[in-house]
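Here the sequence shown stands for residues 50 to 328, numbered as in our numbering.
Yeah, the Cβ is synthetic: ideal placement off N, Cα and C, and Gly gets one too.
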Amino acid sequence: MVTMGVPCCALIISMKLLKISSLNYIPQSEKQILRQRIHDIGCVLVLPILYALLTLINQGHRFNIVEGQGCQPAVYLTALTIVIDYGMPLTQDFDIILRRSGTGLSTKKFLRMISFTLIDLLLNFPTFLTDFALELSYSKIHPYTSWDLVHSGFSNIWIYPISSLANKAGQQFLILSSFSSWTLCVTAIIFFLLFGFSVDVRLDYSKAQKKIASFFLKQKERTLPLSCSQFDSIQERKEDENSLQRSSNVPEESKSIDTLSIVTDPPSLSLTEKHEVYI
50 MVTMGVPCCA
60 LIISMKLLKI
70 SSLNYIPQSE
80 KQILRQRIHD
90 IGCVLVLPIL
100 YALLTLINQG
110 HRFNIVEGQG
120 CQPAVYLTAL
130 TIVIDYGMPL
140 TQDFDIILRR
150 SGTGLSTKKF
160 LRMISFTLID
170 LLLNFPTFLT
180 DFALELSYSK
190 IHPYTSWDLV
200 HSGFSNIWIY
210 PISSLANKAG
220 QQFLILSSFS
230 SWTLCVTAII
240 FFLLFGFSVD
250 VRLDYSKAQK
260 KIASFFLKQK
270 ERTLPLSCSQ
280 FDSIQERKED
290 ENSLQRSSNV
300 PEESKSIDTL
310 SIVTDPPSLS
320 LTEKHEVYI
């Protein structure tokens, strides 16, 4: 399931990179975005589950236990096994190679995504080829006659001690199985290093942390500091209120006197009276 899931994720990333770098990219509608999300979920979730179910066709027994390594998958090598266990993952990797054309952007996000696809190709693609060639070298391809024959001892668990793997083929098997197991771990670590510390992911981390903390801690109401513009607007509002209050406290008599002194004109004088006044 993991051997199918990782190439499917890399394929989806490569398809998105191709759309981003294409000059003919057209913004999608909400229905198209929803359809694309359903397609992505189907590729990264449904296909690996179907692949895991298909591997039951060639699983002769439960699993193998190798001393020093742990559990290993049990495969009954037939022509159908080559198609299911090796053909489908290799097809996914070939699709990734074919879809890597047209990478024209140079942003950080683009580089991180294309780096992951390249690392996945460099690690998983040679592993699949080597595993396939090595299994053909020391295993015999059996005819797939019936389901009952392949699954006759399905409940069995085969145990391989180190002494049984002392020959050359056993040593090659140990090296390849160890490399295959650690390749998945290295791929997961590289994926986290490339995408786990980006700005968007760190924002998601903080949101999740606040959401979890809200269930256990009581948040206190905090007053945020005012900006300069907010402080100035509050000061102007206070000054307007004070001026209105002062104008409302002025007595009515003073208001009438002021209006009279402003509105009334001085008495008109005749020319002789003006002359007497100036003398």
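Handout entry: Counterpart residues of G119 in DSSP-defined beta bridges
Key = V115
Exercise for the section: Measure the Cβ-Cβ separation of I168 and T236 and say whether it is below 8 Å. Expected result: yes
Practice task
Indicate whether T232 and H191 have their beta-carbon atoms separated by less than 8 Å.
Solution key: no
Exercise for the section: Count the C-beta pairs between the stretch 192-200 and the stretch 253-262 that are closer than 8 Å, then say yes if the count reaches three, no if not. Expected result: no
Problem - Spatial distance of K65 from E79 (CA atoms) - result: 17 Å
Handout entry: Residues bridged to I208 (per DSSP)
Key = I114
Practice task
State yes or no: is the C-beta of N113 within less than 8 Å of the C-beta of A101?
Solution key: no
Practice task
Sort G109, L223, R251 by Cα distance to N205 and report the nearest one.
Solution key: G109
Practice task
Consult DSSP for T127 and reduce its assignment to one of helix, strand or coil.
Solution key: strand
Handout entry: Boundaries of the alpha helix (DSSP H) in which L96 is found, first to last residue
Key = According to the DSSP assignment, L96 belongs to the alpha helix (DSSP H) that extends over 96-103.
Handout entry: Residues of its chain near C57, where Cβ-Cβ distance is below 8 Å and the 5 sequence neighbours each way are ignored
Key = Cβ neighbours of C57 beyond the five flanking positions: C92, V93, L96, P97, Q141.
Problem - Which of helix, strand or coil DSSP assigns to H200 - result: coil
Exercise for the section: Sort G119, Y125, T166 by Cα distance to V55 and report the nearest one. Expected result: T166
Problem - Three-state secondary structure assigned by DSSP to I106 - result: Helix, per DSSP.
Practice task
Would you mind stating whether L225 and T179 have Cβ atoms separated by less than 8 Å?
Solution key: yes
Exercise for the section: Identify whether P56 lies in helix, strand or coil by the three-state DSSP scheme. Expected result: helix
Handout entry: Rounded straight-line distance, which links the Cα of S195 to that of F222
Key = 28 Å
Problem - Element boundaries [alpha helix (DSSP H), containing I238] - result: 217-244
Practice task
Specify, as a first and last residue, the run of the alpha helix (DSSP H) that S263 falls within.
Solution key: 248-265
Exercise for the section: Using beta-carbon positions only, say whether Y193 and E116 come within less than 8 Å of one another. Expected result: E116 sits away from Y193, with the two beta carbons spaced by 8 Å or more.
Problem - Distance between L252 and S263 (C-alpha atoms, nearest Å) - result: 17 Å
Practice task
Could you name the residues of the same chain whose beta carbon sits closer than 7 Å to that of T176, not counting the 5 residues immediately before and after it, in chain order?
Solution key: F228, S229, T232
Practice task
Would you decide whether S63 is buried or exposed? Buried here means 16 or more other CB atoms lie within 10 Å of its CB.
Solution key: Flag for S63 reads buried.
Exercise for the section: Please confirm whether R111 and F203 have their CB atoms less than 8 Å apart. Expected result: Cβ atoms of R111 and F203: closer than 8 Å.
Problem - Start and end residues, alpha helix (DSSP H) containing K189 - result: Careful: K189 lies outside any alpha helix (DSSP H) and carries neither H nor E.
Exercise for the section: Kindly list the residues whose CB is nearer than 7 Å to the CB of S184, restricted to its own chain and excluding five residues on each side of it in sequence; keep chain order. Expected result: Residue identity check: residue 184 is Glu in the sequence provided, not Ser. Cβ within range, chain order: L126.
Handout entry: Rounded separation between S212 and A218 - CA only
Key = 13 Å
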